[in-house]
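Engineer:
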Ligand SMILES: [Zn+2]
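Residue numbers (the working numbering): 419 to 713.
(1) Find the nearest neighbour of residue 665 within the set 486, 479, 696, 545, judged by alpha-carbon distance.
(2) Can you tell me where the beta strand (DSSP E) with residue 647 in it begins and where it stops?
(3) Just how far apart, CA to CA, sit residue 609 and residue 703?
(4) Can we say the segment 489 to 502 touches the segment 530 to 542, given the rule of at least three CB pairs closer than 8 Å?
(5) Does DSSP put residue 473 in a helix, in a strand, or in coil?
(6) Look at residue 491 and residue 456 and say whether their C-beta atoms are less than 8 Å apart.
(7) Spell out the partners DSSP gives residue 681 in its beta bridges.
(8) Between residue 546 and residue 596, is the Cβ-Cβ spacing less than 8 Å?
(9) Smallest Cα separation from residue 628: which of 614, 660, 680, 582?
(10) With DSSP as the reference, please indicate the residues paired to residue 653 in a beta bridge.
(11) If you drop the 5 nearest sequence neighbours on each side, which residues of the same chain put their C-beta closer than 6 Å to that of residue 607?
(12) Examine ligand 1 and report whether any of its heavy atoms sits within less than 7 Å of the Cβ of residue 460.
(13) Assuming residue 527 contacts residue 638 (C-beta within less than 8 Å), just tell me the rounded distance between them.
(14) Report the partner residues of residue 488 according to the DSSP bridge assignment.
(15) Quick check on the burial criterion: 16 or more other C-beta atoms within 10 angstroms. Buried or exposed for residue 501?
(16) Confirm the yes/no value for this check: CB of residue 571, any heavy atom of ligand 2, distance under 7 Å.
(17) Output the boundary residues of the beta strand (DSSP E) element that contains residue 570.
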């Protein structure tokens, strides 16, 4: 398995400021991120897979030159829970297509939303997803052997499949399936579930119990402040919108104490790169603090 050897921070997609500064193509993103002090980038295929191979390969070359770890977010319309066989199989194809784009980009992680309950029972939706995932790992064998990781995401809306327990179960199906822990979603789905360092400790304990330390160490992550209603996730905000949680500094402490090396992708609206840098700075301040305590 292709594992990350250090913690990394970066944005999902391109900040507004990237375009305001006159940049036009994501080919320019890796250098832009490097100059900012960031080292990860999630390329979004959420609205469709329409990137040209040539462009993707150029982004990949730049990413490799500037040591930016690229991940890919697969389309939002994937629904592995669909009771219609044809739709579910199309969803598998979208994931396979995203894997192919990932190879062009030199990315080694594919994030995807597993599916939705619609009118099915939760159990039935989960059974459908599990069956489709088994089919997927079979069809994606070559990609997985080359080190690509499938990263199903914890979801923020109650009717979506993607509680922490559901995602961790999916991860037990194959060693190349690791969780995308979206802490904003976990917080929103639990109607404000993350309020202390201990809340993060419990989440990461659960992950480690399910998939072991090595894979926990390399988890994929999304982080942003999030607004929620009784149905869960409502809207992503920025780190400056402090009326919304969760708080990153507690998570940074747990990451340091457990020597974890996740990739942390920031999804703040419009300022995803700026906020990714804020997360990195919070983490680095905590490292300095913990070193001083140790001395
Ligand atoms: Zn997502």
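From the three backbone atoms N, C-alpha and C, an ideal C-beta is built for every residue, glycine too.
Structural biologist: Reading off the structure:
(1) 696
(2) 644 to 647
(3) 29 Å
(4) yes
(5) helix
(6) no
(7) 426, 638
(8) no
(9) 582
(10) 645
(11) 574, 650
(12) no
(13) 6 Å
(14) 459
(15) exposed
(16) No copy of ligand 2 appears in this structure; the ligands present are ligand 1.
(17) 567 to 570
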